[in-house]
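Below is one structure, written out as structure tokens; the observations come after it.
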Amino acid sequence: MGKCENRRFREMLHRYELGRLPVEEQEELEQHLLECDECFQDFSEFQATVEHIRFSPKVRDAIVQLAGQEEATPAVPKKAGKFRPFLIPASLITALALIILVLNPWHIEFRPTEEAFAAENRLAVLHFENLVDHDDPDRLGEITASLLITDLTDSRYIQMISSQRLFDIMQRLDYQDRASSDPEIASRIAREARAKWLMTGKIVQVDPNIVITYEISDVQDGRVISAKRITGQEQETIFSLVDRITVDIRGSVELPEVAQEETDNLVADITTHSAEAYRYYLEGVEKISKFYTREAIADFNQALEYDSTFAMAYYYLSRYKDTDYINQAVAYSDKTTRLGKYYIEGRQALISGDAETYIDKMKTITVEFPDEKMVFYDLGLTFYERSQFEESKDYLLKAIEIDPSYKGAINSLAYAYDKLGDFENSILAINQYIALVPDEPNPYDSRGDLYAFNGEPEKAIESYMKALEIKPDYYESMRKMGHLFLMQREFDRALQCYTTMLPTADSGYYFRRVYPVLLPCYQGKFDQALSDIDELLEEQKARQEAAGISYSLKIKALIYYQQGNIAQAIDAMAQSVETYYQAYPSTIADDRYLLVQFVAESGDFEQAALILDSLREHLADSKKEVFRYWYALGVKAWAQGEIEKAVDALEMAEKLSIGSSSRFSVGYTLGRVYLEMGKYEQAVAILEDITGDYGESVRLCVGPWNVKSHYYLGLAYENSRWYQKAIEQFQIFLEFWDGADPGIEEVADARQRLERLQSDM
Amino acid sequence: MTINELYENARTGNKSSEEQLFQTLSVRFRALVVQKVKDYDDCNDIVQNAIVAISKEYREIEITTSFSAWAYKVLQNRILKYFNSNQRKTSNEESLLQFYVPPGNFKPDPTLESRLVGCLKKISQAGLKYARILNLFYQGYSTEDVCAKLDIVPNHSYVILSRARSMLRLCLDKGEIK
Numbered sequence: 001m002g003k004c005e006n007r008r009f010r011e012m013l014h015r016y017e018l019g020r021l022p023v024e025e026q027e028e029l030e031q032h033l034l035e036c037d038e039c040f041q042d043f044s045e046f047q048a049t050v051e052h053i054r055f056s057p058k059v060r061d062a063i064v065q066l067a068g069q070e071e072a073t074p075a076v077p078k079k080a081g082k083f084r085p086f087l088i089p090a091s092l093i094t095a096l097a098l099i100i101l102v103l104n105p106w107h108i109e110f111r112p113t114e115e116a117f118a119a120e121n122r123l124a125v126l127h128f129e130n131l132v133d134h135d136d137p138d139r140l141g142e143i144t145a146s147l148l149i150t151d152l153t154d155s156r157y158i159q160m161i162s163s164q165r166l167f168d169i170m171q172r173l174d175y176q177d178r179a180s181s182d183p184e185i186a187s188r189i190a191r192e193a194r195a196k197w198l199m200t201g202k203i204v205q206v207d208p209n210i211v212i213t214y215e216i217s218d219v220q221d222g223r224v225i226s227a228k229r230i231t232g233q234e235q236e237t238i239f240s241l242v243d244r245i246t247v248d249i250r251g252s253v254e255l256p257e258v259a260q261e262e263t264d265n266l267v268a269d270i271t272t273h274s275a276e277a278y279r280y281y282l283e284g285v286e287k288i289s290k291f292y293t294r295e296a297i298a299d300f301n302q303a304l305e306y307d308s309t310f311a312m313a314y315y316y317l318s319r320y321k322d323t324d325y326i327n328q329a330v331a332y333s334d335k336t337t338r339l340g341k342y343y344i345e346g347r348q349a350l351i352s353g354d355a356e357t358y359i360d361k362m363k364t365i366t367v368e369f370p371d372e373k374m375v376f377y378d379l380g381l382t383f384y385e386r387s388q389f390e391e392s393k394d395y396l397l398k399a400i401e402i403d404p405s406y407k408g409a410i411n412s413l414a415y416a417y418d419k420l421g422d423f424e425n426s427i428l429a430i431n432q433y434i435a436l437v438p439d440e441p442n443p444y445d446s447r448g449d450l451y452a453f454n455g456e457p458e459k460a461i462e463s464y465m466k467a468l469e470i471k472p473d474y475y476e477s478m479r480k481m482g483h484l485f486l487m488q489r490e491f492d493r494a495l496q497c498y499t500t501m502l503p504t505a506d507s508g509y510y511f512r513r514v515y516p517v518l519l520p521c522y523q524g525k526f527d528q529a530l531s532d533i534d535e536l537l538e539e540q541k542a543r544q545e546a547a548g549i550s551y552s553l554k555i556k557a558l559i560y561y562q563q564g565n566i567a568q569a570i571d572a573m574a575q576s577v578e579t580y581y582q583a584y585p586s587t588i589a590d591d592r593y594l595l596v597q598f599v600a601e602s603g604d605f606e607q608a609a610l611i612l613d614s615l616r617e618h619l620a621d622s623k624k625e626v627f628r629y630w631y632a633l634g635v636k637a638w639a640q641g642e643i644e645k646a647v648d649a650l651e652m653a654e655k656l657s658i659g660s661s662s663r664f665s666v667g668y669t670l671g672r673v674y675l676e677m678g679k680y681e682q683a684v685a686i687l688e689d690i691t692g693d694y695g696e697s698v699r700l701c702v703g704p705w706n707v708k709s710h711y712y713l714g715l716a717y718e719n720s721r722w723y724q725k726a727i728e729q730f731q732i733f734l735e736f737w738d739g740a741d742p743g744i745e746e747v748a749d750a751r752q753r754l755e756r757l758q759s760d761m
Numbered sequence: 001m002t003i004n005e006l007y008e009n010a011r012t013g014n015k016s017s018e019e020q021l022f023q024t025l026s027v028r029f030r031a032l033v034v035q036k037v038k039d040y041d042d043c044n045d046i047v048q049n050a051i052v053a054i055s056k057e058y059r060e061i062e063i064t065t066s067f068s069a070w071a072y073k074v075l076q077n078r079i080l081k082y083f084n085s086n087q088r089k090t091s092n093e094e095s096l097l098q099f100y101v102p103p104g105n106f107k108p109d110p111t112l113e114s115r116l117v118g119c120l121k122k123i124s125q126a127g128l129k130y131a132r133i134l135n136l137f138y139q140g141y142s143t144e145d146v147c148a149k150l151d152i153v154p155n156h157s158y159v160i161l162s163r164a165r166s167m168l169r170l171c172l173d174k175g176e177i178k
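Just so you know, the protein sequences line up as chains A and B, in that order. For what it's worth, the working numbering labels the leading residue of the first sequence as 1, then goes sequentially. For what it's worth, the working numbering labels the leading residue of the second sequence as 1, then goes sequentially.
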């Protein structure tokens, strides 16, 4: 010994040769022996000896003499001999294989056949029943089924029906508690899922080793194809047992011969080697389906505590926590299924701004995994994000076609209808969602959003409250309700919502801490707001909370801008952009468009043009965010007195910003330009539109503009001779800023106008 | 070159690397299969099947892990299929290694044979149980059976086996057991 430099493998080798290595380590070592010349040399030195002890007649004769006949006798009588005349030389095998490859181009001619098999050979694996503990606190039954499905997911010859799909069917048929124990129900579920085969199983022992029984049957005639009891070794994990079971599945169900040639990865290699990590992962996925995002994130983080290489946990975190997690997901994407890899690669493309590649990947999944409802859902969301609401609606409807009770898709469909201006269908969809899961908070949260988008803040608040009744810590609703109270000038109730959200010191804490600072801003108390923000910035900087820092700086910039401190506004906005960009270099939606506005209004058109150029280059490939460039072009032209050019650019920006959370700023500025041009009708239309949308948006952080939109709408009404409406808007404006810092011109002007209008009425 | 490097070269059409790759794989696969399958000819059969499968697919298939990991999986599948089709238990299940077959096409090395016989004699002189355990273990008796025959507990059997192997290695290397 001694040539093998890796101490761990060296020690493992010794135990391996003695047959004392646990299965997982054994597999790890064997793979290493294939890779490592030194270790293999160490290992192979003794192999000839072992073979001679085992096979050499001369050695065996010697043993007979030494120890007696009994011990020279093999453990079990000999089996029927087989004739194996020679070992085919490797080069010849290769040549044969090459001919086969030339004659039968796998990916072209055989592919339709593969798909035909996949469509036909559908296997449903129900959760295994845990007979040891029916409550199954460790979710071993679910984990076993899920791992089996995952292990066979990549097969081109067996189409696995996903856990989610089976769960959906069980829930729809109200069978979730009895599925695996009642053969009739199991069979009904399998038929619903259009499965050819059904697999059910039981965990009959957990300690000291796992013992599983399972049965595979033909759904049509009920014939049992395979029924086995499999006993794990002591310390053998569920992953290893699953690998053994999948081999049996492949051998038991009728598949073409070529299916046996498929690569069958170790399930632990395409998921995780940790049962705890897998359990947390499954819990996270389940919570995502209920929109318990915060809790799901905690689960995915827990999964990574147990296995820091768990690619799909990173994938979900990249979706629901921080896009940067996609880098780890990509780094470990070898440890996932083909399906998982498509998702990761697609998401990576999406995050880097390559939406076309993302869509291509997702469409590939729709072809290869036609039951994968999540991909239709994702495509629906993607087109929604791209403001292509018609396409979004179509994909979401396809997802719902696969699973009529697909909550996420129904939820998003409601938003898509809303964006298409079909409020009726939007509310219909959301009510279906509520009927489906009346005890979950998200449907009520979504209904609140839809009311908020459509100028019904009171109904929205009522709906958010219902969500919070169900789940008091459902902070999504709490936050939105706080914002609505803020915009309704109910400052105390807004503060109550924001402070209720604060005790949870998760990663979003220092971002949420910004909200209370908005209150003085919305009350026109800018000096206090600046002081509060500076204090908060200290905390955020100490914690290196980039998103929070950037957000605080942006609010600060807008306050300086309101105060007429343009140089400080530029400085704060530049810092905000830079901070965000450094933390999230792949971001597309940055705030440079506002920086252009401030710089241009300071009279530095040359610098504004430079930033504008950089923005144009930055947004060249982004259909969704390109409105920022048009906005910047418009405000620069406005600052330069080129008002016609300004209005053209801003109208383009407004058109392109539909569906964007930044649309408020665009509409606000366009409204002001219309006012300056005397286009009061257009000013009323756009300002009514943006002030009537109470949906959560960037509107919130542009506090002074948010408040002043009522002032400008008042002006637009007044000039349009809609005096009563003008009075209402000036009153709203003054309700916000009645106790504001002294010297705000708009406040004085609004008071005068209001007095005059009221006396004239 | 490692097999992963050989694979990379072979994929680009390097015939020499391809040949070397499959030769290396054959040798290593065989060494692993022998650990689990006690039929000399079946070992060769499994290795052949695995090699054929790899040679068919390795150029076309998208390998998501390393080549060696993929190749190992192919081999594992062949071994599991073998046990499955023969309705035998794998070496990892209870009553491991419950069958034995004659040497088939095994071709002994006379020099090694002689040295081995000499060493086994020396080892049995140091303690018969050492020679017996080597024999029983490599003939495929389960730990339980070995313990029953030698009247020892499992942990003790591993200690004895470990010492016996060390003596055998030393003897083959130096001609002595101490």
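Backbone N, C-alpha and C fix where the C-beta goes; we use that ideal spot for every residue, glycine too. In this text the structure is predicted, and so the values were computed from the model without any measurement.
Run of the alpha helix (DSSP H) containing G641 (chain A), from where it starts to where it stops: Segment: none, G641 (chain A) is in no alpha helix (DSSP H) and carries neither H nor E.
Per-residue DSSP class, three states only, for Q488 (chain A): Note: Q488 (chain A) maps to coil in three-state DSSP.
Segment limits, alpha helix (DSSP H) that includes I61 (chain B): Premise fails: I61 (chain B) is in no alpha helix (DSSP H) and is neither H nor E.
K38 (chain B) at chain A interface by Cβ criterion, 8 angstroms: At least one chain A Cβ lies under 8 angstroms of K38 (chain B).
Min CB distance Y7 (chain B) to chain A below 8 angstroms: Y7 (chain B) does not count as touching chain A.
Chain-ordered chain B contacts of V263 (chain A) [CB-CB under 8 angstroms]: According to the sequence provided, residue 263 (chain A) is Thr. The question's Val does not apply to it. Within chain B, the residues whose beta carbon sits less than 8 angstroms from that of T263 (chain A) are E57, I61, W70, K73, V74 and N77, listed in sequence order.
Inter-residue spacing [alpha-carbon to alpha-carbon] between E440 (chain A) and K471 (chain A): Their backbone Cα atoms lie some 8 angstroms apart in a straight line.
Chain A contact for E94 (chain B) (CB, 8 angstroms cutoff): Reliability of the predicted coordinates at E94 (chain B) is poor, the pLDDT of 33 falling under 50, and no value is obtained from them.
Residues of the stretch 48 to 59 of chain A whose Cβ lies closer than 9 angstroms to any Cβ of chain B, in chain order: Residues passing the 9 angstroms Cβ filter: A48, T49, V50, E51, H52, I53, R54, F55, S56, P57, K58 and V59.
CB contact flag (V59 (chain A), V117 (chain B), <8 angstroms): Result yes, Cβ atoms of V59 (chain A) and V117 (chain B) sit closer than 8 angstroms.
Residues, ordered as in the chain, of the stretch 139 to 153 of chain A that lie near chain B by beta-carbon distance below 7 angstroms: Answer set for the stretch 139 to 153 of chain A: empty.
Interface residues of chain A facing D109 (chain B) [CB-CB closer than 8 angstroms]: Around D109 (chain B), the beta-carbon contacts reaching into chain A at under 8 angstroms are A48 and H52.
Neighbouring residues, chain A, relative to I179 (chain B) (Cβ below 8 angstroms): Any property of residue 179 (chain B) remains undetermined from this structure, which presents chain B solely from 1 to 178.
Closer than 8 angstroms to chain C by CB, S187 (chain A): Of the chains in the structure shown, none is chain C; the protein chains are A and B.
Same chain, Cβ closer than 7 angstroms to S68 (chain B), five either side skipped, listed in chain order: Cβ neighbours of S68 (chain B) beyond the five flanking positions: I3 and N4.
G743 (chain A) burial status per 10 Å Cβ neighbour count (16 or more: buried): G743 (chain A) counts as exposed, since fewer than 16 other beta carbons sit within 10 angstroms of its beta carbon.
Contacts around Y395 (chain A), its chain only, beta-carbon distance under 6 angstroms, and the 5 residues preceding and following it disregarded: These residues qualify, in order along the chain: F376, L379 and G380.
Chain A within 8 angstroms of V153 (chain B), Cβ atoms only: Chain A, which has no Cβ nearer than 8 angstroms to the Cβ of V153 (chain B), makes this no.
Expected contact under 8 angstroms - CB spacing of L687 (chain A) and Y712 (chain A) to nearest Å: Yes, they are in contact, since the Cβ atoms of L687 (chain A) and Y712 (chain A) sit about 6 angstroms apart, within 8 angstroms.
Cα-Cα separation between I160 (chain B) and D182 (chain A), rounded to whole angstroms: As the crow flies, the alpha-carbon of I160 (chain B) is around 52 angstroms from that of D182 (chain A).
Beta carbon of L537 (chain A) nearer than 8 angstroms to that of S552 (chain A): With contacts defined as CB atoms closer than 8 angstroms, L537 (chain A) and S552 (chain A) qualify as a contacting pair.
Neighbour-count burial assignment, S763 (chain A), 16 or more Cβ in a 10 Å radius: Residue 763 (chain A) is absent from the model: chain A starts at 1 and stops at 761.
CB contact below 8 angstroms: G641 (chain A) versus chain B: So, not an interface residue.
Per-residue DSSP class, three states only, for W630 (chain A): Note: W630 (chain A) maps to helix in three-state DSSP.
Burial state of G408 (chain A), where buried means 16 or more other Cβ atoms lie within 10 Å: Answer is buried; the Cβ neighbour count reaches 16.
Cβ-based burial, V27 (chain B) [other Cβ within 10 Å; buried from 16]: V27 (chain B) is exposed by the Cβ-count criterion.
Which residues DSSP lists as bridging A124 (chain A), in chain order: Secondary-structure assignment with DSSP links A124 (chain A) through a beta bridge to A:L198.
Any C-beta of chain B under 8 angstroms from that of I158 (chain A): The beta-carbon of I158 (chain A) is placed no less than 8 angstroms from the nearest beta-carbon of chain B.
Cut-off 7 angstroms between Cβ atoms - residues of its own chain near T94 (chain A), not counting five sequence neighbours on either side: Any answer about T94 (chain A) is weak, because its pLDDT of 38 lies below 50 and its placement is not dependable; what the coordinates show is given next. Around T94 (chain A), the same chain offers no residue with a beta carbon nearer than 7 angstroms, after the five sequence neighbours per side are excluded.
Proximity winner among A:P585, A:L558, A:Q582 and A:G564, relative to A572 (chain A) (alpha-carbon distances): Ranking the options by Cα distance to A572 (chain A), first place goes to A:L558.
Closer than 8 angstroms to chain B by CB, F9 (chain A): The Cβ of F9 (chain A) sits no closer than 8 angstroms to any Cβ of chain B.
Opening and closing residue of the alpha helix (DSSP H) in which T382 (chain A) lies: Taken as a continuous stretch (DSSP letters only), the alpha helix (DSSP H) holding T382 (chain A) covers K373 to E385.
Closer than 8 angstroms to chain B by CB, A62 (chain A): Closer than 8 angstroms: yes.
Range covered by the alpha helix (DSSP H) that runs through A416 (chain A): In the DSSP assignment, A416 (chain A) falls within the unbroken alpha helix (DSSP H) covering K407 to K419.
Pair within 8 angstroms by beta-carbon distance, Q302 (chain A) and Y280 (chain A): Cβ atoms of Q302 (chain A) and Y280 (chain A): closer than 8 angstroms.
Coarse secondary structure for R229 (chain A), derived from DSSP in three states: Three-state DSSP puts R229 (chain A) in a strand.
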